[in-house]
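**Q**
There are 2 protein chains.
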Amino acid sequence: MNERQAVVLLSGGLDSTTVLAIAQSLGFTCNCLSFQYGQRQSVELDRARVIGRLAGVARHLVLRVDLDAIGGSALTTAIEVPKDRPLNEMEQDIPVTYVPGRNILFLAHALSWAEVLGVSDIFLGINAVDYSGYPDCRPQFLQAFEQMANLGTKAGTTGRPFRLHAPLIQLSKKEIILKGMELGVDYSLTHSCYDPAGDKACGRCDACQLRLQGFREAGLIDPAPYVQR
Amino acid sequence: MNERQAVVLLSGGLDSTTVLAIAQSLGFTCNCLSFQYGQRQSVELDRARVIGRLAGVARHLVLRVDLDAIGGSALTTAIEVPKDRPLNEMEQDIPVTYVPGRNILFLAHALSWAEVLGVSDIFLGINAVDYSGYPDCRPQFLQAFEQMANLGTKAGTTGRPFRLHAPLIQLSKKEIILKGMELGVDYSLTHSCYDPAGDKACGRCDACQLRLQGFREAGLIDPAPYVQR
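As given, the protein sequences belong to chains G and Y, one line each in that order.
Here the first sequence stands for residues 1 to 229, where the numbers follow the numbering used here.
Here the second sequence stands for residues 1001 to 1229, where the numbers follow the numbering used here.
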């Protein structure tokens, strides 16, 4: 058992990069897990690799997840990514960028790897404030996943229960950014855009708008490159 | 929504093939899901394809799951598969052939695909009798997964809850075989062995022993090819 080790889901975005910094600040040696799942924004993965390396993580595993074969989402198929949506509209419904079961799949892989490594603590950057429309970003979902994990694994049923940590779950984007700045996160490396042009963020999709608003509210300028902002 | 459609996890083994027959006998149009996960017994997948085709299923999707990259199990790495174990010894502990989180990963993929298809019913062949040592083969695990699924998905939170069906969960191998024979399952096509030689089962691993004992108890001869039995 590795008491002070953790598995950290790292997408290369603002949230998960902040979570990695938080896990390290709590004294955890981190094993980062990223996914190649046919996403348009594969620039994320390159950033994740750089971020992991610069943070000096113990391991960084990139797994292939066949979400593109499963299909049915704007992030993996040709549905148009919405642009310039008013922020209040984003909060009203489940966006078309929702990938069915994505966090469940990611967490299932994290759980499997954590069990192999003998690690009980899993960190992830889900957030119930900015992404209130995603059912798999809510605290009650996380609790249910933890319960399921501890009933369905050898570790969980033999006295080494898994603990899911979602330190951002109740934070606003502004609060996340301020927390990360306090911990020295270099946000110029992070990538959030659903529809980037090369390594530049579009500035107009939901993710870009929420991120830019977060920096504005924090009284800061987002150091990441944008096509427009 | 497809009221009378189901997603069926089909490995090509005796149990899941019986489950497919049961789902069809209940009137479900079946969408079969199989996995390529670096298993030694890839002959299973070939059988699954044949079984699905002969059963006239609506769709058959084979997804890649990176269990071999995650590592740590006799089914995917070089740990020796136990042979000639007494049946009562199998029941005492979690076998080395346990793949951490395998059923969780498989169910997570099934859930994602079911949501894309608009299907609420998922069938799987897990069994709590012969595989009592596997934590992810128990009814309480299934209930917890269903609860998690219905909190973590768009379908589950908008009035189309998922239902997991494990019709074999309380059946002995003998009872499974008798049920399948009643439904016309051709068991010569199914494959259960952990360590086959070509398309022949070894006859000595836990899976072979349980299967052969099931046929004996049912008063039948297993029509599948074996190296020895």
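Here a beta-carbon is modelled for each residue, glycine too, at the ideal position from N, C-alpha and C.
Please report the straight-line C-alpha distance between residue 1216 (chain Y) and residue 123 (chain G), rounded to a whole angstrom.
**A** Distance between the alpha carbons of residue 1216 (chain Y) and residue 123 (chain G): 49 Å.
**Q** Hey, quick one: how far does the alpha helix (DSSP H) through residue 150 (chain G) stretch, first residue to last?
**A** Here the alpha helix (DSSP H) through residue 150 (chain G) covers 139–152.
**Q** Report the neighbours of residue 64 (chain G) on chain B: residues whose CB is nearer than 7 Å to its CB, in chain order.
**A** In the structure shown, chain B does not exist; the protein chains are G and Y.
**Q** Let me know the secondary structure DSSP gives residue 1036 (chain Y) once reduced to three states.
**A** The answer is strand: DSSP assigns residue 1036 (chain Y) an E or B state.
**Q** How far does the beta strand (DSSP E) with residue 6 (chain G) in it reach, from first residue to last?
**A** 5–9 is the extent of the beta strand (DSSP E) around residue 6 (chain G).
**Q** Under the three-state reduction of DSSP, which class applies to residue 1103 (chain Y): helix, strand or coil?
**A** In this structure, residue 1103 (chain Y) counts as helix in the three-state DSSP scheme.
**Q** Going by the DSSP bridge assignment, what does residue 1060 (chain Y) pair with across the sheet?
**A** DSSP lists Y:1032 as partners of residue 1060 (chain Y).
**Q** Is the segment 218–227 of chain G close to the segment 1003–1011 of chain Y, with three or more CB pairs under 8 Å?
**A** With a cut-off of 8 Å, the segment 1003–1011 of chain Y and the segment 218–227 of chain G do not count as touching, because too few Cβ pairs lie within range.
**Q** Nearest to residue 65 (chain G) by alpha carbon, out of Y:1168, Y:1053, Y:1113 and Y:1042?
**A** Here the closest residue by C-alpha is Y:1113.
**Q** In chain Y, which residues lie with their C-beta within 7 Å of the C-beta of residue 101 (chain G)?
**A** Those within 7 Å of residue 101 (chain G) in chain Y are 1108, 1111, 1112, 1115 and 1153.
**Q** I'd like the list of long-range same chain contacts for residue 207 (chain G), defined as Cβ closer than 7 Å, with 5 residues on each side in sequence excluded.
**A** Taken in chain order, the residues that qualify are 192, 193 and 194.
**Q** Please work out which residues of its chain come closer than 8 Å, Cβ to Cβ, to residue 1136 (chain Y), disregarding the five sequence neighbours upstream and downstream, and give them in chain order.
**A** Only 1101, 1102, 1103, 1104 and 1126 meet the Cβ criterion.
**Q** By Cβ distance, which residues of its chain are closer than 6 Å to residue 1214 (chain Y), with the 5 residues on each side in sequence left out?
**A** Only 1173, 1174 and 1177 meet the Cβ criterion.
**Q** Under 8 Å, Cβ to Cβ, is there at least one residue of chain G near residue 1161 (chain Y)?
**A** Not closer than 8 Å to any Cβ of chain G, the Cβ of residue 1161 (chain Y) fails to qualify, so no.
**Q** Please report whether the beta-carbon of residue 944 (chain Y) lies at a distance below 8 Å from any beta-carbon of chain G.
**A** Shown here, chain Y extends from 1001 to 1229; a query on residue 944 (chain Y) therefore has no answer.
**Q** Identify whether residue 165 (chain G) lies in helix, strand or coil by the three-state DSSP scheme.
**A** In the structure shown, residue 165 (chain G) sits in a strand (DSSP, three-state: E or B).
**Q** By DSSP, does residue 1195 (chain Y) sit in helix, in strand, or in coil?
**A** Coil, per DSSP.
**Q** What's the C-alpha gap between residue 1158 (chain Y) and residue 1150 (chain Y)?
**A** Going from the Cα of residue 1158 (chain Y) to the Cα of residue 1150 (chain Y) covers about 9 Å.
**Q** Strictly under 8 Å for the Cβ-Cβ distance: is residue 1147 (chain Y) near chain G by that measure?
**A** Interface residue, yes.
**Q** Compute the distance between the beta-carbons of residue 1031 (chain Y) and residue 1062 (chain Y), then report whether it is under 8 Å.
**A** No, the pair does not count as a contact, with Cβ atoms beyond the cut-off.
**Q** Taking Cβ to Cβ, would you say residue 1167 (chain Y) is nearer than 8 Å to residue 1022 (chain Y)?
**A** Cβ distance < 8 Å, so residue 1167 (chain Y) and residue 1022 (chain Y) count as in contact.
**Q** Between which residues of its own chain and residue 1161 (chain Y) is the CB-CB distance below 6 Å, once the five residues before and five after are set aside?
**A** So the qualifying residues of the chain are 1150.
**Q** Check whether the Cβ atoms of residue 1148 (chain Y) and residue 141 (chain G) sit closer than 8 Å, and answer yes or no.
**A** Cβ atoms of residue 1148 (chain Y) and residue 141 (chain G): closer than 8 Å.
**Q** Below 8 Å on the Cβ atoms is my guess for residue 4 (chain G) versus residue 27 (chain G); work out the distance and round it to an integer in Å.
**A** At roughly 6 Å, the Cβ-Cβ gap stays under 8 Å, so residue 4 (chain G) and residue 27 (chain G) are in contact.
**Q** From what residue to what residue does the beta strand (DSSP E) around residue 51 (chain G) run?
**A** Here residue 51 (chain G) belongs to no beta strand (DSSP E); instead the alpha helix (DSSP H) covers 43–55.
**Q** Assuming residue 1186 (chain Y) and residue 1043 (chain Y) form a contact by the criterion Cβ under 8 Å, report the distance between their Cβ atoms to the nearest whole angstrom.
**A** The pair is not a contact, with the Cβ atoms about 16 Å apart (cut-off 8 Å).
**Q** With respect to the beta strand (DSSP E) encompassing residue 122 (chain G), which residues constitute its N-terminal and C-terminal limits?
**A** Run containing residue 122 (chain G): 121–123, per the beta strand (DSSP E) assignment.
**Q** Once DSSP output is grouped into helix, strand and coil, what is the label at residue 1226 (chain Y)?
**A** Strand.
**Q** Name, please, each residue of chain Y whose Cβ falls closer than 8 Å to the Cβ of residue 104 (chain G).
**A** Correct list: 1108, 1111, 1112, 1148, 1149, 1152 and 1153.
**Q** Could you name the residues of chain Y that residue 135 (chain G) contacts, counting a contact when the two beta carbons are closer than 8 Å?
**A** Simply 1151, 1152, 1153, 1154, 1156 and 1157.
**Q** Along the chain, where does the alpha helix (DSSP H) that runs through residue 1188 (chain Y) open and close?
**A** Here residue 1188 (chain Y) belongs to no alpha helix (DSSP H), and DSSP marks it neither H nor E.
**Q** Chain G beta carbons: is any one of them nearer than 8 Å to that of residue 1038 (chain Y)?
**A** No, because no Cβ of chain G sits closer than 8 Å to the Cβ of residue 1038 (chain Y).
**Q** Between residue 111 (chain G) and residue 171 (chain G), what straight-line distance do the alpha-carbon atoms span, to the nearest angstrom?
**A** Rounded to whole angstroms, residue 111 (chain G) to residue 171 (chain G) spans 24 Å at the Cα level.
**Q** Step through the CB atoms of chain G and report whether any lies within less than 8 Å of the CB of residue 1122 (chain Y).
**A** So, not an interface residue.
**Q** From which residue to which residue does the alpha helix (DSSP H) around residue 180 (chain G) run?
**A** Run containing residue 180 (chain G): 173–182, per the alpha helix (DSSP H) assignment.
**Q** Below 8 Å on C-beta distance, what does residue 140 (chain G) contact in chain Y?
**A** Near residue 140 (chain G) (Cβ distances below 8 Å), the residues of chain Y are 1151.
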